[in-house]
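J.: Okay, so the sequence shown: first residue is 12 according to our numbering, each after it adds one.
For glycine and all other residues, C-beta sits at the position ideal for the given N, C-alpha and C.
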Amino acid sequence: MSAQLHELGRNEDQTIIIGAGLAGLSCAFELVDQGKSVLILEAAPYVGGRTGNWNERGMEVESGFHKFIGYYKELPKLLERAGIDLDEMLVWETTMQVRHPDAEEYGEFGLDIIHAPLKTLSGMLGNNDFITPGDKASLVPFLAAGFKDCVSRPEELDEISLLDFAKQHGVNEQALQRIVEPLSSGIFFMPLEQYSAYAFFGLFLPGIPRIHKMRIGAFTGGMTDVMCSPLAAAIEQKGGRIRTNSPVTRLLYGTDGTDGLEGVELEDGELIPATRVVVAANIRRSQQLLEEHFSEHEWFQPFLSLDAMPHVTVQFESELPLLPEDRTTFGPGTDIGSFGEQSRTTFRGRPGRASIILVNPDELIDLSDEEIWNRTQKGLIDIGLAEGVSSVTDYRIVRGNENFYRIAPGNERKRPEQVTPIRGLYLAGDYTKQPMFTTMEGAVLSGQKAAAGILDEST
Ligand SMILES: Cc1cc2nc3c(=O)[nH]c(=O)nc-3n(C[C@H](O)[C@H](O)[C@H](O)COP(=O)(O)OP(=O)(O)OC[C@H]3O[C@@H](n4cnc5c(N)ncnc54)[C@H](O)[C@@H]3O)c2cc1C
12 MSAQLHELGR
22 NEDQTIIIGA
32 GLAGLSCAFE
42 LVDQGKSVLI
52 LEAAPYVGGR
62 TGNWNERGME
72 VESGFHKFIG
82 YYKELPKLLE
92 RAGIDLDEML
102 VWETTMQVRH
112 PDAEEYGEFG
122 LDIIHAPLKT
132 LSGMLGNNDF
142 ITPGDKASLV
152 PFLAAGFKDC
162 VSRPEELDEI
172 SLLDFAKQHG
182 VNEQALQRIV
192 EPLSSGIFFM
202 PLEQYSAYAF
212 FGLFLPGIPR
222 IHKMRIGAFT
232 GGMTDVMCSP
242 LAAAIEQKGG
252 RIRTNSPVTR
262 LLYGTDGTDG
272 LEGVELEDGE
282 LIPATRVVVA
292 ANIRRSQQLL
302 EEHFSEHEWF
312 QPFLSLDAMP
322 HVTVQFESEL
332 PLLPEDRTTF
342 GPGTDIGSFG
352 EQSRTTFRGR
362 PGRASIILVN
372 PDELIDLSDE
382 EIWNRTQKGL
392 IDIGLAEGVS
402 SVTDYRIVRG
412 NENFYRIAPG
422 NERKRPEQVT
432 PIRGLYLAGD
442 YTKQPMFTTM
452 EGAVLSGQKA
462 AAGILDEST
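1) Tell me which residues share the same chain as Arg361 and place their Cβ nearer than 6 Å to its Cβ, disregarding the 5 neighbours each side in the sequence.
2) So, using beta-carbon positions, are Ile394 and Ile347 closer together than 8 Å?
3) If Ala285 and Thr26 are in contact, beta carbons under 8 Å, what's the gap, nearest whole angstrom?
4) Going by beta-carbon coordinates alone, are Leu369 and Thr339 separated by less than 8 Å?
5) In whole angstroms, give me the CA-to-CA distance for Gly250 and Leu154.
6) With hydrogens ignored, establish whether the beta-carbon of Val259 is closer than 7 Å to any heavy atom of ligand 1.
7) In the DSSP output, which residue or residues are listed as bridge partners for Tyr437?
8) Do Arg417 and Ala319 have their beta-carbon atoms positioned less than 8 Å apart in this structure?
9) Between the C-alpha atoms of Phe199 and Asp267, what's the straight-line distance to the nearest angstrom?
10) With a floor of 4 residues, list each alpha helix (DSSP H) that falls wholly inside the region 361-415, ordered by position along the chain.
11) Buried or exposed for Thr62, going by 16 or more other Cβ atoms inside 10 Å?
12) Quick check for students: name the residue ranges of the alpha helix (DSSP H) that lie wholly in the region 197-283, counting only runs of 4 or more.
13) Please tell me whether, using a cut-off of 7 Å, the distance from the CB of Ile368 to the nearest non-hydrogen atom of ligand 1 is below it.
14) Assuming Ala319 is part of the beta strand (DSSP E), what are its boundary residues?
15) Could you please give the first and the last residue of the uninterrupted alpha helix (DSSP H) stretch that includes Ile294?
16) From Leu277 to Ser74, what does the alpha carbon distance come to, in whole angstroms?
17) Please tell me whether, using a cut-off of 7 Å, the distance from the CB of Asp346 to the nearest non-hydrogen atom of ligand 1 is below it.
18) To which residues does DSSP link Trp103 through a beta bridge?
19) CB of Arg61 to nearest heavy atom of ligand 1: below 7 Å?
20) By Cβ distance, which residues of its chain are closer than 7 Å to Gln429, with the 5 residues on each side in sequence left out?
21) Can you name the start and end residues of the alpha helix (DSSP H) that Ser469 belongs to?
22) Check whether the region 389-403 touches the region 140-148, taking contact to mean three or more Cβ pairs, one atom from each stretch, closer than 8 Å.
23) Asn66 bridges to which residues according to DSSP?
24) Going by the DSSP bridge assignment, what does Glu352 pair with across the sheet?
25) Quick one: what's Val455 bridged to in DSSP?
26) Nearer than 7 Å: is that true of the beta carbon of Gly218 relative to any heavy atom of ligand 1?
27) Is it right to say Asp337 is buried, meaning 16 or more other beta carbons lie within 10 angstroms of its own, or is it exposed?
28) When you compare only the Cα positions, how much space is there between Gly81 and Glu116?
29) If distances are taken between C-alpha atoms only, which option among Pro112, Phe79 and Asn256 comes closest to Pro56?
30) Once the 5 residues before and after His180 are set aside, which same chain residues still bring their CB inside 7 Å of it?
31) Taking the alpha-carbon positions, what's the Glu423 to Leu214 distance?
32) Can you list, in chain order, the residues of its chain whose CB lies under 6 Å from that of Arg364, leaving out five sequence neighbours each side?
33) So, is Asn66 buried or exposed, given that buried needs 16 or more other C-beta atoms within 10 angstroms?
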């Protein structure tokens, strides 16, 4: 095999990146920007990974309901450097809603202190029929202690569940259900008892000094179309190469008697040589690729034991829009996590088009599409959206069980760094160590960290 690789040009200084999600794309962009030779190999027929859209049996779908958070820093900078106009790619929302089955009123909260200051302040001070002043007061010690612990003792905070932490700090039941649940399970699907308190506070902490940037962006089209394909085109323009439909099945390591990465093998048996390989696949696929060679290696042990969590999303078309505006909405107290109408933003051209992330995916992942759909309808009816549900014409369930690292207590320390002790081997992906958890911003940061490691090594 070694001889074959040499014949194929092993001496060329090429970096292979496995995976064209945002982590792989951001890593590639930084490398080609510095004149490096890069080849991205992507298993799917399209770029974008979890920030992708595709046609699923006749319906345009996405991996799930995605929002661009205004306090992200590296993702917007990367896109601007790639020539992508954020104002064309996004529509900014100024409020979000929370609907609870037991509440008489829904809560409406302003998000944007700069562009919608009155809505933002009245959301905080008002909504008293949805969440009482007593509920709000019960959150104060919890938030103060959580943000403080997040800075001063993050490892310990990661040992405790969000539910236990909230109870320890006196959050009352209604505040827990109507505020904490949407901001945790509504975003990362997991029930509060399985959710790391560190993951909750850590996600919002970088937003505090950037509160003036806080707002939520809805995509103006499918994410492959408006974000990832243009980013891929910018990489190609700078000399990078991207091959889709190219699943990597093996890392080639140690075949010439040395202890470095030599290249990869594709599913069809093709061998491609490389000086270094960045594994930027989702967590389970990355673990599978690494296990063959490194299952006994001490450095990889914590990462190989890092558990993944599934996700289940529902997307549907209807004759009537589900909601009067395309804005982020939460459905605590039901199976509905976060959701939104998208017929005026991401998937236009239909009278109604909604996207929903369901909570507690461990319970749902093995159910049939029909069972999941029935639970979704019930959740929507419980929060007062029966009319929209009655006009649904078609739906798709989009699910996965290998993409996210589980944001459970004790898992933070298992996340690997991007630079590994193996010569020529780098990792990127939202599961790797970076402060923005399992988000688009986190994926971009991870790709940048991998690229920085490569550029450091070659200077
Ligand atoms: C339902 C849902 C909702 C979300 N909502 C938000 C949100 O609102 N805001 C936010 O910031 N983030 C959100 N995220 C998270 C965000 O999408 C991810 O954090 C980010 O896209 C991860 O990027 P990545 O590059 O690390 O991984 P991925 O996007 O998973 O990319 C990995 C790529 O590797 C490829 N691959 C895997 N194995 C191989 C192989 N053997 N060979 C070649 N290629 C391979 C895959 O096909 C994939 O393209 C959401 C995700 C989901 C699923």
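T.: Looking at the atomic coordinates:
1) Sequence index remark: in the sequence shown, residue 361 carries index 350 (1-based). Glu328 and Ser354.
2) As a working mapping, residue 394 is identified with position 383 in the sequence shown. As a working mapping, residue 347 is identified with position 336 in the sequence shown. Yes.
3) What you label residue 285 is simply residue 274 of the sequence shown in a count that begins at 1. What you label residue 26 is simply residue 15 of the sequence shown in a count that begins at 1. Taking 8 Å as the upper bound for CB-CB distance, Ala285 and Thr26 are in contact here, some 6 Å apart.
4) Locating residue 369 in the sequence shown gives position 358, where the first residue counts as 1. Locating residue 339 in the sequence shown gives position 328, where the first residue counts as 1. Taking a C-beta distance under 8 Å as the contact criterion, Leu369 and Thr339 do not qualify as a contact pair.
5) For this step, residue 250 is matched to residue 239 along the sequence shown. For this step, residue 154 is matched to residue 143 along the sequence shown. When rounded, the distance between both Cα atoms is 48 Å.
6) Position 248 of the sequence shown, counting from 1, holds the residue named residue 259. Checking every heavy atom of ligand 1 against the Cβ of Val259, one is found closer than 7 Å.
7) Here the question's residue 437 lines up with position 426 in the sequence shown. BP columns for Tyr437 point to Val289 and Val430.
8) As a first step, residue 319 is located in the sequence shown; it is residue number 308 there, counting from the start. As a first step, residue 417 is located in the sequence shown; it is residue number 406 there, counting from the start. Taking 8 Å as the cut-off, the Cβ atoms of Ala319 and Arg417 count as close.
9) What you label residue 199 is simply residue 188 of the sequence shown in a count that begins at 1. What you label residue 267 is simply residue 256 of the sequence shown in a count that begins at 1. Roughly 44 Å between the two C-alpha positions.
10) With a minimum length of 4 residues, the unbroken runs of alpha helix (DSSP H) contained wholly in the region 361-415 fall at 372-375, 380-393 and 397-401.
11) Locating residue 62 in the sequence shown gives position 51, counting from the first residue. Answer is buried; the Cβ neighbour count reaches 16.
12) Annotation note: the region 197-283 contains the following uninterrupted alpha helix (DSSP H) runs of length 4 or greater, listed N- to C-terminal: 208-215 and 240-248.
13) By 1-based counting over the sequence shown, the position of residue 368 is 357. Correct: Ile368 has its Cβ closer than 7 Å to ligand 1.
14) For the purposes of this step, residue 319 is identified with residue 308 of the sequence shown, where counting begins at 1. Where Ala319 is concerned, the enclosing beta strand (DSSP E) stretches over Ala319 to Ser329.
15) Locating residue 294 in the sequence shown gives position 283, where the first residue counts as 1. Its alpha helix (DSSP H) spans residues Ile294 to Phe305.
16) By 1-based counting over the sequence shown, the position of residue 277 is 266. By 1-based counting over the sequence shown, the position of residue 74 is 63. Rounded to whole angstroms, Leu277 to Ser74 spans 25 Å at the Cα level.
17) Numbered from 1 along the sequence shown, position 335 holds the residue referred to as residue 346. No, the Cβ of Asp346 stays beyond 7 Å of every heavy atom of ligand 1.
18) Locating residue 103 in the sequence shown gives position 92, where the first residue counts as 1. BP columns for Trp103 point to Gly228.
19) Translated into the one-based positions of the sequence shown, residue 61 becomes position 50. Relative to ligand 1, the beta carbon of Arg61 is positioned inside 7 Å of a heavy atom.
20) Stepping through the sequence shown from its first residue, residue 429 is reached at position 418. Counting only Cβ-Cβ distances below 7 Å, and skipping sequence neighbours, we find Tyr437, Leu438, Ala439, Thr443, Ser457, Lys460, Ala461 and Gly464.
21) Along the sequence shown, read from residue 1 onward, the residue named residue 469 stands at position 458. In the DSSP assignment, Ser469 falls outside any alpha helix (DSSP H) and carries neither an H nor an E.
22) Because the criterion of three Cβ pairs below 8 Å is not met, the region 389-403 and the region 140-148 do not touch.
23) As a working mapping, residue 66 is identified with position 55 in the sequence shown. Per DSSP, the beta-bridge partners of Asn66 are Glu71.
24) Your numbering for residue 352 matches position 341 in the sequence shown. When DSSP reads this structure, Glu352 sits in a beta bridge with Ala365.
25) As a first step, residue 455 is located in the sequence shown; it is residue number 444 there, counting from the start. Val455 is bridged by DSSP to nothing; it lacks a bridge partner.
26) To locate residue 218, count along the sequence shown from 1; it is residue 207. With a cutoff of 7 Å, Gly218 does not count as near ligand 1, since its C-beta is closer than that to no heavy atom of the ligand.
27) Numbered from its first residue, the sequence shown carries residue 337 at position 326. Answer is buried; the Cβ neighbour count reaches 16.
28) If you number the sequence shown from 1, residue 81 lands on position 70. If you number the sequence shown from 1, residue 116 lands on position 105. Just so you know, the alpha carbons of Gly81 and Glu116 end up roughly 28 Å apart.
29) If you number the sequence shown from 1, residue 56 lands on position 45. Of the listed residues, the one whose Cα sits closest to Pro56 is Asn256.
30) Taking the sequence shown and counting its residues from 1, one reaches residue 180 at position 169. Excluding the 5 residues flanking it on each side, His180 has same chain C-beta neighbours closer than 7 Å at Pro152, Phe153 and Ala156, in chain order.
31) Residue mapping note: residue 423 aligns to position 412 of the sequence shown, counting from 1. Residue mapping note: residue 214 aligns to position 203 of the sequence shown, counting from 1. Rounded to whole angstroms, Glu423 and Leu214 show a C-alpha spacing of 13 Å.
32) Numbered from 1 along the sequence shown, position 353 holds the residue referred to as residue 364. Short of 6 Å from the beta carbon of Arg364, and not among the five residues preceding or following it, lie these beta carbons of its own chain, in chain order: Glu328, Gln353, Ser354 and Phe358.
33) Walking along the sequence shown from the start, residue 66 turns up at place 55. Asn66 is exposed by the Cβ-count criterion.
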